[in-house]
Amino acid sequence: MNTTDQQHFLAGKRIIIAGGGIGGLTFCIALQHFLDNATKKIEPPPTITVYERDTSVDAVGREGYSLSIRGDAISGGMQTLQKLGILDEMITESNPGTHFTLFNTDFSPLMQIRSPPVEGLSQSSFRIARSKLPDDTQEQCDLLIVADGSNSLIRKALRPEHVLNFAGAVIIAACTRTLDKSRESKAAGTIPDNEIDEILTEAKERTKVYGEPMPTLFKETLRSSVAVFNAKDMTPFRNHGSVIFIDDAQHAMSPFAGNGANMAIMHGYQLADQLVHAKDLTTAIKSYDDLSIPRSTSAINMSRRSIAIGHSQGFWKYMWVTVLKLMGWYFGLNYQHDQQSN
Numbered sequence: 000m001n002t003t004d005q006q007h008f009l010a011g012k013r014i015i016i017a018g019g020g021i022g023g024l025t026f027c028i029a030l031q032h033f034l035d036n037a038t039k040k041i042e043p044p045p046t047i048t049v050y051e052r053d054t055s056v057d058a059v060g061r062e063g064y065s066l067s068i069r070g071d072a073i074s075g076g077m078q079t080l081q082k083l084g085i086l087d088e089m090i091t092e093s094n095p096g097t098h099f100t101l102f103n104t105d106f107s108p109l110m111q112i113r114s115p116p117v118e119g120l121s122q123s124s125f126r127i128a129r130s131k132l133p134d135d136t137q138e139q140c141d142l143l144i145v146a147d148g149s150n151s152l153i154r155k156a157l158r159p160e161h162v163l164n165f166a167g168a169v170i171i172a173a174c175t176r177t178l179d180k181s182r183e184s185k186a187a188g189t190i191p192d193n194e195i196d197e198i199l200t201e202a203k204e205r206t207k208v209y210g211e212p213m214p215t216l217f218k219e220t221l222r223s224s225v226a227v228f229n230a231k232d233m234t235p236f237r238n239h240g241s242v243i244f245i246d247d248a249q250h251a252m253s254p255f256a257g258n259g260a261n262m263a264i265m266h267g268y269q270l271a272d273q274l275v276h277a278k279d280l281t282t283a284i285k286s287y288d289d290l291s292i293p294r295s296t297s298a299i300n301m302s303r304r305s306i307a308i309g310h311s312q313g314f315w316k317y318m319w320v321t322v323l324k325l326m327g328w329y330f331g332l333n334y335q336h337d338q339q340s341n
């Protein structure tokens, strides 16, 4: 048989996506996009099933959480959404991004970085709010896309040697009541009251040099939302076989990376692209890893540098503050300068 007449390796296959987060859903949308626009149709087309553990977008602990989607060269999230034809729809559901501001202890801006205009995009960034089944049945598939996050249960079972590593920072997080009106709180968590008091006391001590709005935020903190967790990340690993790990399941990033959502979008898109256009599964996986691993490794390394700089003390702290002030002045990134010049 002529090789041009051979079936595509995805033809008639069943694909299961474990995880309905940004990475998993982007892959699903992108795969359908590439299948619909393929020069040579894949017949019969693969079937796609998405499984997600959370039953509600308002899962406890995720209320009010937002993700930054950007259009800069490193991130590329907005360009990817544009290629998929869903950017305008996403923008209508988002809050337009304007700039990133680094504050001093009195909350005066040290530096304000505005995202440069991106050709073809109406804005340069925005923010959005974020296979054993419950009935004990089991599903079979030809290809499993693992997108179940940094604490991936599938990774723990199949690739137990790849574990999360402490990134060097402990995060104290909490939600506050809206400052303009009262709001009913949702009780959640298992931290006893005395530990909550200790956590809040430590947080106040560590942030005592900061002025408003920090005291007000502490005053309005919802005690039920207080959490303490280690910032963790994981060195990305290469895929092989018919189980493909993507997003945080393959390259977990700490919150200090600030680029996880964009990575998830780009990697979901690129995996779908390679699966449809590669000659075989092995080639598709290798090409995807060659694209995703260097990018995610760079983002993880950058986040570790951010942790080191942000938690510096003594001489190094004052040195970095001085450097940032000089950069803000030299590159015109100073907030007050912008205000006066406008």
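Residue numbers (numbering that gives the first Met the number 0): 0 to 341. No residue lacks a Cβ here, since even glycine has one placed at the ideal position from N, Cα and C.
Local conformation of alanine 17 per DSSP, three classes: Per DSSP, reduced to three states, the secondary structure at alanine 17 is strand.
Please list, in chain order, all residues of the same chain as proline 44 whose beta carbon is under 7 Å from its beta carbon, the five residues on each side excluded. Take proline 44, set aside five residues on each side of it, and the residues of its chain with a beta-carbon closer than 7 Å to its own are Leu34, in chain order.
Among Gly84, Gly18 and Lys40, nearest to aspartate 53 - alpha-carbon criterion: Closest by alpha carbon: Gly18.
So, for isoleucine 28: in the same chain, excluding its five sequence neighbours on each side, which residues have a beta-carbon less than 6 Å away from its beta-carbon? Closer than 6 Å at Cβ, skipping near neighbours: Leu83.
Please state if the CB of alanine 271 and the CB of leucine 9 are separated by a distance shorter than 7 Å. In terms of Cβ geometry, leucine 9 and alanine 271 do not form a close pair [threshold 7 Å].
Those runs of the beta strand (DSSP E) which lie wholly inside the stretch 132-163 and span at least 3 residues: Runs of the beta strand (DSSP E) lying entirely within the stretch 132-163, each at least 3 residues long, are 142-145 in chain order.
Alpha helix (DSSP H) containing tyrosine 268: first to last residue? Under the DSSP assignment, tyrosine 268 falls in the alpha helix (DSSP H) whose first and last residues are 259-276.
Alpha helix (DSSP H) runs wholly inside the stretch 204-246, at least 4 long, in chain order: Given a length threshold of 4 residues, each whole run of the alpha helix (DSSP H) inside the stretch 204-246 is given here in chain order: 213-218.
Got a sec? Which residues, its chain only, sit under 7 Å from leucine 86 by beta carbon, not counting five neighbours each side? Correct list, in chain order: Met77 and Leu80.
Under a Cβ-count criterion, where at least 16 other Cβ atoms within 10 Å of its own Cβ denotes burial, should glutamine 139 be classed as buried or exposed? Exposed.
DSSP three-state assignment for threonine 175, whether helix, strand or coil: Three-state result, threonine 175: strand.
Hey, aspartate 288 and asparagine 238: beta-carbon distance below 7 Å or not? Annotated as proximal: aspartate 288 and asparagine 238, with beta-carbon spacing under 7 Å.
In angstroms with no decimal places, state the Cα-to-Cα distance between isoleucine 144 and arginine 304. Near 31 Å, if we compare the C-alpha coordinates of arginine 304 and isoleucine 144.
Using CA coordinates, which residue listed in Ser253, Gly70, Gln273 and Glu194 is at the minimum distance from alanine 37? When only C-alpha atoms are compared, the closest one is Gln273.
Which residue wins for smallest C-alpha separation from threonine 296, given the options Ser286, Ile308, Tyr268 and Gly259? Considering only alpha carbons, the answer is Gly259.
For alanine 166 and glutamate 88, I'd like the C-alpha separation in whole angstroms. Approximately 36 Å, taken between the alpha carbons.
Between the C-alpha atoms of isoleucine 16 and isoleucine 171, what's the straight-line distance to the nearest angstrom? If you take the alpha carbons of isoleucine 16 and isoleucine 171, they lie about 32 Å apart.
May I ask you to list the residues that DSSP assigns as paired with leucine 30? Leucine 30 is not bridged to any residue.
According to DSSP, is serine 305 part of a helix, a strand, or is it coil? Note: serine 305 maps to helix in three-state DSSP.
Exposed or buried, which one is histidine 310 when buried takes at least 16 other CB atoms within 10 Å? Burial check for histidine 310: the Cβ neighbour count within 10 Å stays below 16, so the residue is exposed.
With DSSP run on the structure shown, which of helix, strand or coil describes isoleucine 47? Isoleucine 47 carries a strand assignment under DSSP once its states are collapsed to helix, strand and coil.
Return the bridge partner residues of valine 169 from the DSSP annotation. Paired residue(s): Asn229.
According to DSSP, is lysine 285 helix, strand or coil? Secondary structure at lysine 285: helix, using DSSP grouped into helix, strand and coil.
Glycine 240 classed as buried or exposed, judged by whether at least 16 other C-beta atoms fall within 10 angstroms: A residue is called buried when at least 16 other Cβ atoms come within 10 angstroms of its Cβ; glycine 240 does not meet this threshold and is exposed.
Glycine 22 vs isoleucine 245 beta-carbon contact at 7 Å: Judged by beta-carbon spacing, isoleucine 245 lies within the 7 Å limit of glycine 22, meaning their Cβ atoms are closer than that value.
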